[in-house]
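A.B. asks: The opening residue of the sequence shown carries number 1 in UniProt numbering; numbering runs sequentially from there.
Idealized CB from N, CA, C, for every residue including glycine.
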Amino acid sequence: MGSQTSKVARRLPTKARPETLQNAPTESPATLKAQIQAASELKTEFIEEDGRDPHLHEHLRSIGEVAIPPTITKMRTSDAMLGIVHERKKADSKELTEGIISIDAVYSLLEERKRLNPGEVDLVSTRQRWIEKYKVDQDTLSALLKYYGTMAVMPVAADDKEDRRMGVWVSDKADWERKVREVEERNEKIEKAKKDALKDNNREKDGKENMSQEEKKLKDLFEDDL
């Protein structure tokens, strides 16, 4: 230890060097960023102003309308190929629409069938009228009348607490009226049963009241004898 020399303590400068004061920044990063953005905006506006041509409209007017040269190949209306293309489009359109009937037309047809008398649906005049009215062919009409129908709304059932109106399938006007009459007759029976039950209940109640009065008289009679 005695042979080692002691280290000299490091001393910090007490005064700033002149070059340090000269190179000190005078602006913060925030101010520099704002200046860069402002410069960019000014540059963009300058570019836009420079790209505008105040005389563009006048130049376009001086040029005038552009003349389009006629086509080299003229279309001939009497061309056979045009007729073939037209007939093909017509055939394709016919295939798409032939035998097709809209949902509204189906509903209207079946509602009309529901209001006919028995046998009228099978008349030739009725079928022909529907074919012309709804633009449908004979096979499609026969399939609709055979496999489809519409419901008729029935009166509210007397024993239904929710007052719902049920729907039933009907074939013609007579079938519709018959099913409505069945519901009405059933409702009448239910109402009659309710009235009879109410009368029996009142009769039983009156009988109990009369019995209690007779018992009271007998009780009063025995009490008087005592």
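1. What does DSSP give as the partner residue(s) for V168 in the beta ladder?
2. With A174 and N117 assumed to form a contact (beta carbons below 8 Å), what rounded beta-carbon distance in angstroms separates them?
3. Using 8 Å as the threshold, is the region 178-191 in touch with the region 111-126, meaning 3 or more CB pairs across them?
4. Grouping DSSP H, G and I as helix and E and B as strand, with all else coil, what is G119?
5. Is it buried or exposed for V136, if we count other Cβ within 10 angstroms and need 16 for buried?
6. Do T130 and G149 have their CB atoms nearer than 8 Å?
7. Quick one: does L56 have its CB under 8 Å from some CB of chain C?
8. Of all the options V156, E191, L144, I63, which has the alpha carbon lying nearest to the alpha carbon of I103?
9. Is residue 262 near I101, with beta carbons less than 8 Å apart?
10. For R113, count neighbouring C-beta atoms within 10 Å of its own C-beta (all shown protein chains included) and say buried if the count is 16 or more, exposed if not.
11. Once DSSP output is grouped into helix, strand and coil, what is the label at G83?
12. Is the beta carbon of A152 less than 8 Å from the beta carbon of G167?
13. Report the CB separation of L109 from R127 in whole angstroms; it is logged as a contact under 8 Å.
C.D. replies: Taking the definition as stated:
1. Reading the sequence shown from its first residue, position 168 is the one you call residue 168. DSSP, once it has assigned bridges, lists A152 as partnering V168.
2. Sequence index remark: in the sequence shown, residue 174 carries index 174 (1-based). Sequence index remark: in the sequence shown, residue 117 carries index 117 (1-based). 7 Å between Cβ atoms; contact.
3. no
4. Taking the first residue of the sequence shown as position 1, residue 119 is located at position 119. In the structure shown, G119 sits in coil (DSSP, three-state: anything other than H, G, I, E or B).
5. By 1-based counting over the sequence shown, the position of residue 136 is 136. Buried, because 16 or more other Cβ atoms sit within 10 Å of the Cβ of V136.
6. For the purposes of this step, residue 130 is taken as residue 130 along the sequence shown, with counting starting at 1. For the purposes of this step, residue 149 is taken as residue 149 along the sequence shown, with counting starting at 1. Going by the sequence as given, residue 130 is Trp instead of Thr. In this structure, G149 does not lie closer than 8 Å to W130 by Cβ.
7. The structure shown contains no chain C; it holds only a single protein chain.
8. Sequence index remark: in the sequence shown, residue 103 carries index 103 (1-based). For the residues V156, E191, L144, I63, the minimum Cα distance to I103 belongs to L144.
9. Outside the displayed span of the chain (1 to 226) sits residue 262, for which this structure offers no information.
10. Here residue 113 corresponds to residue number 113 of the sequence shown, with the count starting at 1. Buried, since its Cβ has 16 or more Cβ neighbours within 10 Å.
11. As a position in the sequence shown, residue 83 is number 83, starting the count at 1. Judged by DSSP in its simplified three-state form, G83 adopts helix.
12. Residue mapping note: residue 152 aligns to position 152 of the sequence shown, counting from 1. Residue mapping note: residue 167 aligns to position 167 of the sequence shown, counting from 1. A contact, by the Cβ cut-off of 8 Å.
13. As a first step, residue 109 must be located in the sequence shown, where it is residue number 109. As a first step, residue 127 must be located in the sequence shown, where it is residue number 127. Rounded, the Cβ-Cβ distance is 11 Å, inconsistent with contact.
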